[in-house]
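Chains as they are written, first to last, in the working numbering: chain A, 246 to 623; chain B, 1130 to 1322.
By construction, the Cβ of each residue, glycine as well, lies at the ideal position given by its N, Cα and C atoms.
Model, not experiment: these values are computed from the prediction.
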């Protein structure tokens, strides 16, 4: 048994952030410390709040499509996907088959982008400065080049439209995606060879920030974080939206629910994404990429008036369940537009995960939750 | 999953409960919310163990709190629950004792719409700063007009050695005397193309 050296310790209050490299943006953790151990942690957010919802309520439906890119700016494709899905549900729009394939391909590519970079950032937080993340960014760059060629922008893609996608793939891009997909496992093997059994990574990550199954479920945690705790819930499987029930893929599940599991789940999910991509690239048919009834929408977005009603469209974004709740009053602007941001809800358990750990562990726990402040503060 | 089944099951479980179906959602009275949600969560038939979304909508005559429940065990859902609240005193029991996941989303709905979740452990503003007045997502909220100088701004500027033109100063005084604040007009829906 260890005897405490200091009998009368005073709790020390420290503000981690808002400008702090470990907080991935402007986010503040109000931490109370006993020595170096965390006894209380209150997240403070809203520094990036711009009332995204009100801006969207004062705009045409299509007008907020580019603005959804700015929610989770790492995965603009999946944000577009969620919003397009919600509006299509609201207005009963059908999507041509080729467009669905393109959507799945883009969504899975963006999942690869997100997961490699979040692992890179996690390693940054662990102190492995910029070597792992540059390995990750090398691969990310190849995918961003694809995005640039198809959508015209690397990060703010604005690629989806109601009833399809903006443009078809330029010639030769499909072959390049195939090349990336076939080359990616080799990179993953290399990445894993450097990291998965690395002694420092194991020591820092295993049994740190353990999220038990019950808490994960009760707190509404979604995405890789929930699956690392063993919650078998993947909206791609459950809802089978778009074409996901056509493809064969597995949902990797963790047991311990610690930071290491969250790292491992992301590696395994990337392998499953590659599996989906391989099938999608093999089967993709020729045909139109936009529902012809919606093709004139870009010229007169205010003519688009969904019938009165409401819809909740949700997708499995790389960070968890991304949902858009829309209420239409029959006019050209949504009456209510609400974003259910996955990383915002996932932050609920940050305090539970950090209590009892050291400050340095709080940094990697936050890194393993994988937040993007554009989305948290929407 | 059929919403009518859920409704009839709930009616037999809680005699005398008033439930309506609106847009495929169950419309409840605020006092029934907790027991209905608890029942949906625990009954072996539904197992609604995952609370996905909480939000609020301003329908001008009333505010509405909306809940989307799913089941991770049965892979079913959603059951949408709505509760209508008066605009002047929107009070509703908090779901945090049943679902931890409600914590931040209820704070968000409070911050943006002003719905008071009774029994919430820490109901504070989450995005807006402390001391902020008003609820920005209500339809009658008007943001501050940043182009108009108020008396406080004039005083601040003069304290810092900026000369404020007389007409601005007079307008600020007039505004202060009338007891109003400078509020921007809400952007109106643009004309149809």
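ask   = Do the stretch 533 to 548 of chain A and the stretch 407 to 416 of chain A touch if we need at least three Cβ pairs shorter than 8 Å?
value = The stretch 533 to 548 of chain A vs the stretch 407 to 416 of chain A: in contact.
query = Can you name the start and end residues of the beta strand (DSSP E) that residue 527/A belongs to?
reply = Residue 527/A -> not in any beta strand (DSSP E); alpha helix (DSSP H) instead, spanning 504 to 528.
task = Report back the beta-carbon spacing between residue 584/A and residue 623/A to the nearest angstrom; my notes put them in contact at under 8 Å.
result = Rounded, the Cβ-Cβ distance is 5 Å, consistent with contact.
ask   = Does residue 1230/B have its Cβ less than 7 Å from a Cβ in chain A?
value = Yes, because at least one Cβ of chain A sits closer than 7 Å to the Cβ of residue 1230/B.
task = Could you tell me whether the Cβ of residue 584/A comes closer than 7 Å to any Cβ of chain B?
result = Answer no: the Cβ-Cβ gap between residue 584/A and chain B never drops below 7 Å.
Near-chain B residues of the stretch 482 to 501 of chain A - C-beta to any C-beta below 7 Å = So the list reads 483, given in the order they occur along the chain.
request  = Can you grab the Cα-Cα spacing for the pair residue 1199/B / residue 1177/B, in whole Å?
outcome  = Each residue's Cα considered, the two are about 5 Å apart.
query = Based on the DSSP output, what are the partners of residue 1221/B in its beta bridges?
reply = Bridge partners of residue 1221/B: 1246/B.
ask   = Looking only at its own chain, which residues have a Cβ that is under 8 Å from the Cβ of residue 401/A, when we skip the five neighbours before and after it?
value = Once the five neighbours on either side are set aside, the close Cβ partners of residue 401/A are 311, 314, 315, 318, 321.
inquiry  = Please state whether the Cβ-Cβ distance between residue 440/A and residue 433/A is less than 7 Å.
reply    = No, the pair does not count as a contact, with Cβ atoms beyond the cut-off.
task = Counting only the same chain and skipping the five closest in sequence on each side, list residues whose C-beta sits under 6 Å from that of residue 564/A.
result = Counting only Cβ-Cβ distances below 6 Å, and skipping sequence neighbours, we find 468, 587, 588, 615.
task = Kindly indicate the opening and closing residues of the beta strand (DSSP E) around residue 580/A.
result = Its beta strand (DSSP E) spans residues 579 to 585.
query = Could you give the residue range of the beta strand (DSSP E) that holds residue 1193/B?
reply = From DSSP, the beta strand (DSSP E) with residue 1193/B extends over 1191 to 1200.
request  = Starting from residue 464/A, find everything on chain B with Cβ-Cβ shorter than 7 Å and list it in chain order.
outcome  = Residues of chain B passing the Cβ test: 1229, 1230.
inquiry  = Quick check: residue 1196/B and residue 463/A, are their CB atoms within less than 7 Å of each other?
reply    = Not a contact, by the Cβ cut-off of 7 Å.
task = Could you work out which residues of chain B lie near residue 294/A, taking near to mean beta carbons separated by less than 8 Å?
result = Residues of chain B whose Cβ lies closer than 8 Å to the Cβ of residue 294/A are, in chain order, 1256, 1257.
task = Measure the beta-carbon distance from residue 601/A to residue 282/A and round it to whole angstroms, keeping in mind my assumption that it falls under 8 Å.
result = Going by Cβ atoms, the distance from residue 601/A to residue 282/A rounds to 6 Å, so yes, they are a contact pair.
inquiry  = Once the 5 residues before and after residue 550/A are set aside, which same chain residues still bring their CB inside 7 Å of it?
reply    = Excluding sequence neighbours, residue 550/A sits near 575, 576, 577.
key: Inter-residue spacing [alpha-carbon to alpha-carbon] between residue 349/A and residue 559/A   = Those two C-alpha atoms are separated by around 14 Å.
key: Neighbourhood of residue 679/A by C-beta, 8 Å cutoff - its chain only, sequence neighbours within 5 removed   = Any question about residue 679/A goes unanswered here, given that chain A covers just 246 to 623.
ask   = Mind checking if residue 258/A is an interface residue toward chain B, Cβ cutoff 7 Å exclusive?
value = For residue 258/A, no Cβ of chain B is located within less than 7 Å of the residue's own Cβ.
query = Which of helix, strand or coil does DSSP assign to residue 197/A?
reply = The structure shown has nothing for residue 197/A, since chain A only spans 246 to 623.
Chain A contacts made by the stretch 1234 to 1254 of chain B, where a contact means CB separation under 7 Å = Within the stretch 1234 to 1254 of chain B, contact with chain A at the beta-carbon level (separation under 7 Å) is assigned to 1234.
key: residue 370/A and residue 612/A closer than 7 Å at C-beta   = Their beta carbons are under 7 Å apart, which means residue 370/A touches residue 612/A by this criterion.
task = Could you tell me the distance, in whole angstroms, from the CA atom of residue 277/A to the CA atom of residue 1264/B?
result = Taken atom to atom, the span from the alpha-carbon of residue 277/A to that of residue 1264/B is near 31 Å.
query = Which value, in whole angstroms, describes the spacing of the CA atoms of residue 530/A and residue 546/A?
reply = For residue 530/A and residue 546/A, the distance between alpha carbons rounds to 29 Å.
ask   = alpha helix (DSSP H) containing residue 420/A: first to last residue?
value = Note, residue 420/A: alpha helix (DSSP H), 418 to 440.
ask   = Helix or strand or just coil, what does DSSP make of residue 255/A?
value = Residue state, collapsed to three classes: coil.
Sub-7 Å separation of residue 1148/B and residue 1136/B beta-carbons = Their beta carbons are under 7 Å apart, which means residue 1148/B touches residue 1136/B by this criterion.
message = Tell me the DSSP secondary structure of residue 1142/B in three-state form.
response = Looking at residue 1142/B - three-state DSSP - the assignment turns out to be helix.
ask   = Of all Cβ atoms in chain A, is any one closer than 7 Å to the Cβ of residue 1151/B?
value = So no, residue 1151/B is outside the interface.
query = Does residue 299/A have its Cβ less than 7 Å from a Cβ in chain B?
reply = Taking Cβ atoms only, chain B reaches closer than 7 Å to residue 299/A, which makes this a yes.
Test: residue 572/A CB closer than 7 Å to a CB of chain B = Residue 572/A counts as touching chain B.
query = Looking only at its own chain, which residues have a Cβ that is under 7 Å from the Cβ of residue 1216/B, when we skip the five neighbours before and after it?
reply = Once the five neighbours on either side are set aside, the close Cβ partners of residue 1216/B are 1191, 1192.
ask   = Are the C-beta atoms of residue 1266/B and some chain A residue less than 7 Å apart?
value = At a cut-off of 7 Å, the C-beta of residue 1266/B has a neighbouring C-beta in chain A.
Contact list for residue 1181/B against chain A, beta-carbon separation under 9 Å = Near residue 1181/B (Cβ distances below 9 Å), the residues of chain A are 465, 467, 557, 559, 566, 568, 585, 590.
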